[in-house]
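Chemist: Just passing along the structure, written as structure tokens.
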DNA sequence: ATGCTATTGATAACTTATTATCAATAGCAC
DNA sequence: GTGCTATTGATAATAAGTTATCAATAGCAT
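Chains as they are written, first to last, in our numbering: chain A, 4 to 126; chain B, 4 to 126.
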């Protein structure tokens, strides 16, 4: 990541303006608006570099390819719309004391994923 | 699933006695104790049939192959041990009212996955 | 016990996501 | 503007999990 290319700028712009985790396909399609020649290979390469550099984080859902979003410090979880397949960030607080396991298990972290209809699809 | 074979009995026995979701590898390895010739192809075929018949359910974790457990009616969630990679069922109750999303989102279901050290690995 | 055929075991083929390859292109220091 | 070389685009290759193929085997009805 030594040079400042149109492709990299486009990819980081797409991710930072999305406000939700994007798949490599979504990044590719949206990025082509500003760089029509953008290759899926470049998306994968750049995403990999951005993760390594700590700018973005992978969002993993069961049975699905990774999505990516800007690295944030506040913890949050995710909502996947069953209709449009888009994933949204949920910033509502959840009390960790409600996440229970048997007393002899030590909880280090958790993943909470909600599924349902997003505001645009629920009609 | 017309005939009652040693392989199918072994596979269903392994899953029903495990008490936790098993990967196809775990089913294969454990099943070989009773049917040494058991093929991984038979494991996949039988698991597929058992899911279709409603006897077992797939348990999906982010970035991992499906595991399988007996179909149960009570809802529960899962705990994955970061050390031994085994997944356990957690039957502690969680109040759904604590799972929040923006008011214009409709929640249909959720997945909660805890990660940490199981009782055997926490030492 | 026999015969039909569902099932099995071994392995090739496939799938989907991701990475590697390499000639052509384009940042950027000069 | 030049030249060096990092980066790109197109595509082949890879990886891991799962499914298909097919001859050999083994349930089970008779």
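All C-beta atoms in this analysis are idealised placements derived from N, C-alpha and C, irrespective of residue type, glycine included.
Going straight from the alpha carbon of residue 116 of chain A to that of residue 78 of chain A, what length do you get?
Modeler: For the purposes of this step, residue 116 of chain A is identified with residue 113 of the first chain, where counting begins at 1. For the purposes of this step, residue 78 of chain A is identified with residue 75 of the first chain, where counting begins at 1. Roughly 13 angstroms separates the two Cα atoms.
Chemist: For a contact meaning CB atoms closer than 7 angstroms, what does residue 121 of chain A contact in chain B?
Modeler: Against the first chain, residue 121 of chain A aligns to sequence position 118. 108, listed in chain order.
Chemist: Going by CA-CA distance only, name the one from B/120, B/114, B/13 that's closest to residue 65 of chain A.
Modeler: Residue mapping note: residue 65 of chain A aligns to position 62 of the first chain, counting from 1. Looking at the Cα atoms, B/114 is the closest of the given residues.
Chemist: Measure the beta-carbon distance from residue 108 of chain B to residue 23 of chain B and round it to whole angstroms, keeping in mind my assumption that it falls under 8 angstroms.
Modeler: Within the second chain, the letter at position 105 stands for residue 108 of chain B. Within the second chain, the letter at position 20 stands for residue 23 of chain B. About 32 angstroms separates the two Cβ atoms, so there is no contact after all.
Chemist: For the segment 81 to 94 of chain B, which residues have a CB atom closer than 7 angstroms to at least one CB atom of chain A, in sequence order?
Modeler: Hits within the stretch, in order: 82, 85, 93.
Chemist: With distance defined between alpha-carbon atoms, name the residue in A/104, A/89, A/25 nearest to residue 95 of chain B.
Modeler: Residue numbering aside, residue 95 of chain B sits at position 92 when the second chain is read from its first letter. Checked all of A/104, A/89, A/25; the closest Cα to residue 95 of chain B is A/104.
Chemist: Per DSSP, residue 91 of chain B is paired with what?
Modeler: Position 88 of the second chain, counted from the first residue, corresponds to residue 91 of chain B. DSSP, once it has assigned bridges, lists B/82 as partnering residue 91 of chain B.
Chemist: Which residue wins for smallest C-alpha separation from residue 8 of chain B, given the options B/67, B/49, B/44?
Modeler: Taking the first residue of the second chain as 1, we reach residue 8 of chain B at position 5. Out of B/67, B/49, B/44, B/49 has the C-alpha closest to the C-alpha of residue 8 of chain B.
Chemist: When burial is assigned at 16 or more other CB atoms within 10 Å of the CB, is residue 126 of chain A buried or exposed?
Modeler: Within the first chain, numbered from 1, the residue matching residue 126 of chain A stands at position 123. Under this definition residue 126 of chain A is an exposed residue.
Chemist: Which residues, in order along the segment 54 to 80 of chain A, keep a beta-carbon less than 7 angstroms from a beta-carbon of chain B?
Modeler: Cβ contacts with chain B: 63, 64, 65, 66.
Chemist: Can you pull the DSSP bridge partners for residue 72 of chain A?
Modeler: Here residue 72 of chain A refers to the residue found at position 69 of the first chain. In DSSP, residue 72 of chain A forms a bridge with A/60.
Chemist: Could you tell me which chain B residues have their CB closer than 8 angstroms to the CB of residue 97 of chain A, listed as they occur along the chain?
Modeler: Along the first chain, one-based indexing puts residue 97 of chain A at 94. Near residue 97 of chain A (Cβ distances below 8 angstroms), the residues of chain B are 101, 102, 103.
Chemist: Taking 8 angstroms as the cut-off, decide whether the C-beta atoms of residue 33 of chain B and residue 46 of chain B are in contact.
Modeler: Start at 1 with the first residue of the second chain, and residue 33 of chain B comes out as number 30. Start at 1 with the first residue of the second chain, and residue 46 of chain B comes out as number 43. Against a cut-off of 8 angstroms, the Cβ pair of residue 46 of chain B and residue 33 of chain B comes out as no contact.
Chemist: Taking the straight line between their C-alpha atoms, what separation do you get for residue 39 of chain B and residue 5 of chain A?
Modeler: By one-based count along the second chain, residue 39 of chain B stands at place 36. By one-based count along the first chain, residue 5 of chain A stands at place 2. Approximately 56 angstroms, taken between the alpha carbons.
Chemist: Which bits of chain B does residue 118 of chain A rub up against, with CB to CB less than 9 angstroms?
Modeler: Looking up residue 118 of chain A in the first chain gives position 115. Near residue 118 of chain A (Cβ distances below 9 angstroms), the residues of chain B are 110, 111, 112, 113, 114.
Chemist: Rounded to whole angstroms, what is the Cα-Cα separation between residue 12 of chain A and residue 61 of chain A?
Modeler: By 1-based counting over the first chain, the position of residue 12 of chain A is 9. By 1-based counting over the first chain, the position of residue 61 of chain A is 58. Spanning the two alpha carbons is a distance of roughly 19 angstroms.
Chemist: Along chain B, in chain order, which residues have C-beta atoms closer than 8 angstroms to that of residue 125 of chain A?
Modeler: Along the first chain, read from residue 1 onward, the residue named residue 125 of chain A stands at position 122. Result: 107, 108, 109.
Chemist: Is it the case that the Cβ atoms of residue 93 of chain B and residue 72 of chain B are separated by a distance below 8 angstroms?
Modeler: Locating residue 93 of chain B in the second chain gives position 90, where the first residue counts as 1. Locating residue 72 of chain B in the second chain gives position 69, where the first residue counts as 1. No, these two residues do not count as a Cβ contact at 8 angstroms.
Chemist: Let me check one thing: in DSSP terms, what residues is residue 25 of chain B bridge-paired to?
Modeler: As a position in the second chain, residue 25 of chain B is number 22, starting the count at 1. DSSP output for residue 25 of chain B lists B/71 as bridge partner(s).
Chemist: Which residues bound the alpha helix (DSSP H) around residue 52 of chain A?
Modeler: Against the first chain, residue 52 of chain A aligns to sequence position 49. Segment 43 to 55, the alpha helix (DSSP H) holding residue 52 of chain A.
Chemist: Drop a sphere of 10 angstroms on the beta-carbon of residue 87 of chain B, count the other beta-carbons inside from all chains shown, and report buried for 16 or more, exposed for fewer.
Modeler: Residue 87 of chain B sits at position 84 when you count from the first residue of the second chain. Looking at its Cβ environment, which holds fewer than 16 other Cβ atoms inside 10 Å, residue 87 of chain B is exposed.
Chemist: Quick check on the burial criterion: 16 or more other C-beta atoms within 10 angstroms. Buried or exposed for residue 75 of chain B?
Modeler: The sequence position of residue 75 of chain B within the second chain is 72, counting from 1. So residue 75 of chain B counts as exposed.
Chemist: Spell out the partners DSSP gives residue 114 of chain B in its beta bridges.
Modeler: For the purposes of this step, residue 114 of chain B is identified with residue 111 of the second chain, where counting begins at 1. Residue 114 of chain B is bridged to A/116.
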